[in-house]
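J.:
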Amino acid sequence: MFFGLGILRGMNITLMNFIRSYTRKRGSGEIGALTTVQYPEERLPEKEKFRNFPFLIYDDKPEDLRCVACDICAQDCPPRCIYIVKETDEAGKPMKKPAVFDIDFTVCMNCGICEEVCPFDAIFMDHEFEIADSDRHDKLLYHRDDLLKTNEHFHKIRPNDGREVDTRLAEAKEAKAKKDEARKKAAEAKAAAKAKAEAEKATEAKEDKPPETEKESDPQ
Ligand code: SF4
Ligand code: SF4
C-alpha cells in the first residue's frame, strides 16, 4: 500500500472545503459545504429533528391543551425541572388539566425525555434557543401559558412528526368512538332485556293471581 495515501486524501478534502468556502452561497445550509455562518445576521434553515426546550401543545384554543396533568413527564425528567399542579373543580376534585405547569429552563438539559414519555402527545421539543436572560427567576422559569404553542407551530417545525402524531391521534379518536358506540349499544341492549324480563314477570304475576271473590252482601 502506498505510504501517505491517507494524508493526501485528507489534504484533498481540506483543499476542497477551502475552495467551497469561497464558492458556496453563505447561509445556504448546503450539505457537504462548510457550515460556518455569520450568526446572528445569517442563520441556517431550520432542520427537522433539531430540539431544544419543550413546549405544551394545544389544538384549537389554549384551553384545549392536550396535557392532562398526569405528572409522568415531571417524574421522569432527570433534573426534575418540571412542576405540575392539577386544576380542581368547585368541589375541590382534581381535574385532568394543569393549573400550574412550570419548567425551569435554567435547569432543563434539553434531553427530550418529557416528549418521549408523554402518553398524550402533549409536550414536544421546540427549535427555540434564543432565550438567554440574566433574570433567572422571572424570565427563565416558564409558566403554563408561556409554554403553550399551537399544533400548527409543531407542524411547521417538525412536519413529519406532526403528520405522524395527527394520524395517531385521529386513529385513537376513531377507536374510542367505536368503543363508546359498542358500549352504548350493549348498555341499551341490556336495558331492553331487563325491561322485557320485568314486563314478562309482571304478566306472569298477573296471570297467577287468583280471581277476587265477590264481597258478601251485608245482611240487613
Ligand atoms: S405533558 Fe404529558 S406526561 Fe406531562 S403531565 Fe402533561 S400529559 Fe402528562
Ligand atoms: S427536556 Fe429533559 S430536562 Fe428538559 S424538561 Fe424535558 S425531561 Fe426535563
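Taking the working numbering, I'd label the letters of the sequence shown as residues 9 to 228. Ideal Cβ placement from N, Cα and C applies to all residues, glycine included.
Are the region 146 to 164 and the region 64 to 76 touching by the rule of at least three beta carbon pairs closer than 8 angstroms?
T.: The answer is yes - the region 64 to 76 touches the region 146 to 164, with three or more Cβ pairs under 8 angstroms.
J.: Which residue from Y150, L16, C81, E136 puts its Cα closest to that of R166?
T.: Taking the first residue of the sequence shown as 1, we reach residue 166 at position 158. If we check each option's Cα against that of R166, E136 comes out closest.
J.: With a Cβ-Cβ cutoff of 9 angstroms, do P127 and I80 count as a contact?
T.: Stepping through the sequence shown from its first residue, residue 127 is reached at position 119. Stepping through the sequence shown from its first residue, residue 80 is reached at position 72. Cβ atoms of P127 and I80: closer than 9 angstroms.
J.: Check whether the Cβ of F58 lies closer than 8 angstroms to any heavy atom of ligand 2, and answer yes or no.
T.: On the sequence shown, position 50 is the one that residue 58 refers to. Incorrect: F58 has no Cβ contact closer than 8 angstroms to ligand 2.
J.: Is there at least one non-hydrogen atom of ligand 1 closer than 8 angstroms to the beta-carbon of V125?
T.: Taking the first residue of the sequence shown as 1, we reach residue 125 at position 117. It does: the Cβ of V125 is within 8 angstroms (strictly closer) of some heavy atom of ligand 1.
J.: Can the beta-carbon of D112 be found less than 9 angstroms from the beta-carbon of C89?
T.: Within the sequence shown, the letter at position 104 stands for residue 112. Within the sequence shown, the letter at position 81 stands for residue 89. Contact flag set, yes.
J.: Please state if the CB of T96 and the CB of A82 are separated by a distance shorter than 9 angstroms.
T.: Residue numbering aside, residue 82 sits at position 74 when the sequence shown is read from its first letter. Residue numbering aside, residue 96 sits at position 88 when the sequence shown is read from its first letter. The answer is no: Cβ separation not under 9 angstroms.
J.: Run through DSSP, which three-state label would K157 get?
T.: The residue labelled residue 157 in the question sits at position 149 within the sequence shown. K157: strand per DSSP, three-state reduction.
J.: Considering only the alpha carbon of each residue, which of L13, Y150, N25 lies closest to F61?
T.: Within the sequence shown, the letter at position 53 stands for residue 61. For the residues L13, Y150, N25, the minimum Cα distance to F61 belongs to Y150.
J.: Using a threshold of 8 angstroms, is the CB atom of P106 nearer than that to any non-hydrogen atom of ligand 2?
T.: Looking up residue 106 in the sequence shown gives position 98. P106: no, Cβ never under 8 angstroms from ligand 2.
J.: What does a CB cutoff of less than 8 angstroms around R176 pick up in its chain, not counting 5 residues either side in sequence?
T.: As a working note, residue 176 is residue 168 in the sequence shown. So the qualifying residues of the chain are D129.
J.: With C85 and I121 assumed to form a contact (beta carbons below 8 angstroms), what rounded beta-carbon distance in angstroms separates them?
T.: Within the sequence shown, numbered from 1, the residue matching residue 85 stands at position 77. Within the sequence shown, numbered from 1, the residue matching residue 121 stands at position 113. Correct: roughly 6 angstroms between the Cβ atoms.
J.: Does the distance from the C-beta atom of R152 to that of H163 stay below 9 angstroms?
T.: Here residue 152 is taken as the residue at index 144 of the sequence shown, counted from 1. Here residue 163 is taken as the residue at index 155 of the sequence shown, counted from 1. No; because the gap between Cβ atoms is not below 9 angstroms, this pair is not in contact.
J.: Taking only three categories from DSSP, how would you classify V45?
T.: Translated into the one-based positions of the sequence shown, residue 45 becomes position 37. Three-state result, V45: coil.
J.: So which of K94, M103, D72, M117 has the shortest CA-CA distance to P87?
T.: For this step, residue 87 is matched to residue 79 along the sequence shown. Residue M117 is the option with its Cα nearest to P87.
J.: If you follow the beta strand (DSSP E) that K94 is part of, which residue opens it and which one closes it?
T.: Counting from 1 along the sequence shown, the entry for residue 94 is found at position 86. K94 -> beta strand (DSSP E) spans 90 to 96.
J.: Under 8 angstroms from any heavy atom of ligand 1, does the C-beta of F128 make it?
T.: In the sequence shown, counting from the first residue as 1, residue 128 sits at position 120. Yes, Cβ of F128 sits closer than 8 angstroms to a heavy atom of ligand 1.
J.: Taking 8 angstroms as the line, does the beta carbon of V76 fall inside it for any heavy atom of ligand 1?
T.: Translated into positions along the sequence shown, residue 76 becomes position 68. Correct: V76 has its Cβ closer than 8 angstroms to ligand 1.
J.: How is the beta strand (DSSP E) around M19 delimited, first residue to last?
T.: The residue labelled residue 19 in the question sits at position 11 within the sequence shown. It is not in any beta strand (DSSP E) - M19 instead sits in the alpha helix (DSSP H) that spans 13 to 31.
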